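Colleague: Before we start, here is the structure in question, set down as C-alpha cells.
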Amino acid sequence: MAQYYNENTVLWLDGAILKASEARTDLYGQSLHYGYSVFEGIRSYRTANGKTKIFKAEEHFDRLQRSAAALNMPYRYTTPELIIAAYDILDRNNLQDAYIRPVVYGPANMSFNPNTESFTVIETWEMAPFLGEKLLKVMTSSFQRPNPKGFKIEAKAAGHYVNSIMASHEAKGKGFDEALLTDMNGFIAEGPGANMFFEKGGRLYTPATGNILPGITRATVLELCAELDIPVEQGRYTGADLKQADAAFFCGTAAEVIGWASIDDYTFPQPWKTTQSKKIQQAYKDKVIEKQPKLETI
Ligand code: PMP
C-alpha cells in the first residue's frame, strides 16, 4: 500500500492541526457504515516560479460544498476558509507537488436520520507531477455508472466509489490498466475516477453531463480546446463511435491528461504524439505549473 503519512505528518481537522498517526474518528460513524460522506481530490503544484499553487482551488472547494448540499449534510466552512487551511497544511507538511483530500463526514449515527453536525478533515500527501507518457489499455466495464435517478451523480460522494472500485478491479483483474464505464442507457460515460475524451479527424468528443461527474479537469480541457482552436463536441456516444476514433484520453485531477493505447481489442491508430489530444496534454501540463507560453519572435 502507498505511504500516505508518517510519524511527522499533520492534518487539519475542524481547525485543529493533528498528527495523522494520532487523529481519531468514530467507528460508529454514519459515513463509515453507509458510505455517506463527500470529498474532493485536489492537486497542488510547484509552479514555474517556485511557488506552491493549488490548481482550481475555488472550483474544488465550491464543488465540495455543492456535494454536501446535494446529500443534505451540514457544511461548516466557506471556500476561502478551506483554501487557507489547505495551504497551511501543505506548508506544515513541507509539500508542493501534492494531492489534497478534504472529506466531510457525519457523526456516530446508525439510523438514516439527518445529522445536525459534520466533521471536515483535510489530508495531504506527496504526489510527483506527470509520471510519464505511458498509454493506457482500457477495458469497457461490465459495470455501469450509478443511475442518476438513484444517486446524486454530480456529487462527489464516497458511496459512489464502490462502483469505481468494482470496475477498476475487474479491468485490472483482466490485465487492463483501467475501466471505461457506460451509463444506464449504454452510452460511454467515464472512467472510475476520470472523465474521457476521444478524437476523430482532429475533433474532440466527450460525453455530455447528466450521467457523469462533471470534472474540473474536463472543464479545463474544454477551455484549452477554445484557446487552442481545437473543435470539441459534447454528446451521447457509443462504444462503436469510440472504436472508430483516432485517439482517446482520460482527464482528472489525479490522472491529469493521460492517453489511451487501446479500448478492448481496438488499438487507436494515430500515433499519440501527432494528435490534438497530445497538444491538450502538453497545454494542461503547462497550465498547472503556470508556465508562460513561449512568446513568438516577430
Ligand atoms: N469522474 C469521476 C468518477 C471522478 O472520480 C473524477 C475525479 N474527481 C472525475 C470524473 C474527474 O473530476 P476532476 O477533473 O474534477 O478531478
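Using the working numbering, the letters of the sequence shown correspond one by one to residues 1 to 298. Every residue, glycine too, gets a C-beta built ideally from N, C-alpha and C. Predicted model only: the values in this text are computed from it and were never measured.
#1: What do you get for G150, buried or exposed, if any count of 16 or more other CB atoms within 10 angstroms of its CB means buried?
#2: Taking DSSP as the reference, what is the three-state secondary structure of A226?
#3: Less than 8 Å between the CB atoms is what I'm expecting for V104 and L135, so what's the real figure, rounded?
#4: Identify the continuous alpha helix (DSSP H) that holds N163 and give its terminal residues.
#5: Anyone know if the C-beta pair for D177 and N211 falls short of 8 Å?
#6: Please name the residue in Y205, D26, L13, A98 whose C-alpha comes closest to that of K53.
#7: Could you give the C-beta distance for A194 and G252, rounded to a whole number, given that I count them as a contact under 8 Å?
#8: If you draw a straight line from the alpha carbon of V121 to that of S142, how long is it in whole angstroms?
#9: Between the Cα of E117 and the Cα atoms of I153, I84, A128, N72, which residue gives the shortest distance?
#10: Does T239 come out as helix, strand or coil in the three-state DSSP assignment?
#11: For the ligand PMP, I want to know if I212 counts as a neighbour, meaning its beta carbon is within less than 7 Å of at least one of the ligand's heavy atoms.
#12: Roughly how many angstroms lie between the CA atoms of A128 and I83, to the nearest whole one?
#13: What three-state label does DSSP hand N82 in the structure shown?
#14: Are the stretch 165-177 and the stretch 212-220 touching, with three or more C-beta to C-beta distances below 8 Å?
#15: Based on DSSP bridge pairs, tell me the residues matched to M139.
#16: So the beta strand (DSSP E) Y45 belongs to, where does it begin and stop?
#17: Please tell me whether, using a cut-off of 7 Å, the distance from the CB of T182 to the nearest non-hydrogen atom of the ligand PMP is below it.
#18: Return yes when the C-beta of A194 is under 7 Å from any heavy atom of the ligand PMP, and no when it is not.
#19: Sort L18, W125, F112 by Cα distance to Q3 and report the nearest one.
#20: Mark L242 as exposed unless 16 or more other C-beta atoms lie within 10 angstroms of its C-beta, in which case mark it buried.
#21: Taking 7 Å as the cut-off, is the CB of C225 close to at least one heavy atom of the ligand PMP?
#22: Exposed or buried, what is Y28 when buried is set at 16 or more other beta-carbons lying within 10 Å of its beta-carbon?
#23: Roughly how many angstroms separate the alpha carbons of V232 and L224, rounded to a whole number?
#24: Run the proximity test for T217: is its beta-carbon closer than 7 Å to any non-hydrogen atom belonging to the ligand PMP?
#25: Take H60 and list the residues in its own chain whose beta-carbon comes closer than 6 Å to its own, dropping the five residues that flank it on each side.
#26: Mind reading off the beta-carbon distance from I230 to Q276? Whole number of angstroms is fine, and I expect it under 8 Å.
#27: Let's see if you can read the secondary structure: which residues bound the beta strand (DSSP E) around E190?
Modeller: So, from the data block:
#1: It is exposed - the Cβ of G150 has fewer than 16 other Cβ atoms within 10 Å.
#2: When DSSP states are grouped into helix, strand and coil, A226 belongs to the helix group.
#3: Beta-carbon to beta-carbon, V104 and L135 are separated by about 36 Å, too far to satisfy the 8 Å threshold.
#4: Per DSSP, N163 belongs to the alpha helix (DSSP H) from 161-173.
#5: Going by C-beta atoms, D177 is not nearer than 8 Å to N211.
#6: Closest in alpha carbon position to K53, among Y205, D26, L13, A98, is A98.
#7: Their Cβ separation, rounded to whole angstroms, is 3 Å, which keeps A194 and G252 in contact under 8 Å.
#8: Taking the straight line from one Cα to the other gives about 34 Å.
#9: Cα-wise, what sits closest to E117 is N72.
#10: Sequence inspection shows Gly at residue 239; the Thr mentioned does not correspond to that position. Secondary structure at G239: helix, using DSSP grouped into helix, strand and coil.
#11: Answer for I212: yes, Cβ within range of the ligand PMP.
#12: Taking the straight line from one Cα to the other gives about 21 Å.
#13: The sequence as given places Leu at residue 82; Asn does not occur at that position. Three-state DSSP puts L82 in a helix.
#14: Segments in contact, no.
#15: Beta-bridge partners assigned by DSSP to M139: A179.
#16: Per DSSP, Y45 belongs to the beta strand (DSSP E) from 42-46.
#17: For the ligand PMP, not one heavy atom lies less than 7 Å from the Cβ of T182.
#18: Taking 7 Å as the cut-off, the C-beta of A194 counts as close to a heavy atom of the ligand PMP.
#19: Relative to Q3, the option among L18, W125, F112 whose CA is nearest is W125.
#20: Flag for L242 reads buried.
#21: Taken from the Cβ of C225, every heavy atom of the ligand PMP lies 7 Å or farther away.
#22: Exposure of Y28 is indicated by the presence of fewer than 16 other C-beta atoms within 10 angstroms of its C-beta.
#23: Within the model, the alpha-carbon separation for V232 versus L224 is close to 10 Å.
#24: Answer for T217: yes, Cβ within range of the ligand PMP.
#25: For H60, the CB contacts under 6 Å within the same chain, skipping 5 residues up- and downstream, are E40, I42 in chain order.
#26: About 5 Å separates the two Cβ atoms, so the contact holds.
#27: Element bounds for E190: 188-190.
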